[in-house]
Amino acid sequence: MWSLESAQERMALCGQAVEVKLTTGSSVFGVVYTVDPVSNSIVLIQFVPGSGPKTVQVIPGLSIVSVTNLPAGGAPCCPEPSEQLSSWLEKLFKSEARGPQSEDQRKQTRKRLVDWLHRNRVPLTEHADGSLQIFDVVKIVAPFSVDDCQCANELVLGRVRSLIEAMPSDSGD
1 MWSLESAQER MALCGQAVEV KLTTGSSVFG VVYTVDPVSN SIVLIQFVPG SGPKTVQVIP
61 GLSIVSVTNL PAGGAPCCPE PSEQLSSWLE KLFKSEARGP QSEDQRKQTR KRLVDWLHRN
121 RVPLTEHADG SLQIFDVVKI VAPFSVDDCQ CANELVLGRV RSLIEAMPSD SGD
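Residue numbering for the sequence shown is 1 to 173, as defined by full-length UniProt numbering.
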């Protein structure tokens, strides 16, 4: 089984064009996005030549025989390292950046959300720290967006997020 012993080795692979040989005898080419430190699984990104990303592929560590660095432009699905590639990889899985909200904006967003939940007859508790608790299992914290919901039950979390996404953009609706 293939493995990387140190964090430095894992970090060195990130952003590099590689060939991954699999236990099936086939090979996969792509740019390494990240390597899981526990399972040694690799997340590869394959590009359309002269364009953007084509696929994101997770290769389980147990199915990897070897990983070989390729020279710049060594495979058609692997663009040459550049500042543009680095910037694109950084933004790949990050959600849109939210600018800082003023205290008034946070209060207004929270009030709109509370009104929306009451309108939909959703039981909620308002806490002293400003957070909201729904169904006694979902906690919503500032700035009160879909990404600010916390819950261990994925099904309930998904339904609450869907409800928040359906909230009208202004209070007049």
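Yeah, the Cβ is synthetic: ideal placement off N, Cα and C, and Gly gets one too.
Beta-carbon proximity check, V156 vs V141, cutoff 8 angstroms: no
Measure the C-alpha to C-alpha separation of R10 and E165 and round it to an integer number of angstroms. 37 angstroms
Going by CA-CA distance only, name the one from T24, V35 and V160 that's closest to L13. V35
Which residue marks the beginning of the alpha helix (DSSP H) containing G158, and which one marks its end? E154 to E165
V38, buried or exposed, once every other Cβ within 10 Å from all chains shown has been counted against 16: exposed
Three-state secondary structure (DSSP) of G25: coil
Can you tell me where the beta strand (DSSP E) holding L113 begins and where it ends? Careful: L113 lies outside any beta strand (DSSP E), inside the alpha helix (DSSP H) at E103 to R119.
Can you check DSSP and say which residues form a bridge with E126? L132
Assign Q16 to one of three DSSP states: helix, strand, or coil. coil
Cutting at 6 angstroms between CB atoms, please list the residues of its own chain near Q133, excluding the five before and the five after it. T125 and K139
Close beta carbons around V114, own chain, < 8 angstroms, minus the five adjacent residues each side: L124, E126 and L132
V67 to V48 span [Cα, whole Å]: 21 angstroms
Find out if the Cβ-Cβ distance for the pair S41, V58 is shorter than 8 angstroms. yes
Which of the three DSSP states, helix, strand or coil, is assigned to Q6? According to the sequence displayed, residue 6 carries Ser and not Gln. S6 falls in the coil class under three-state DSSP.
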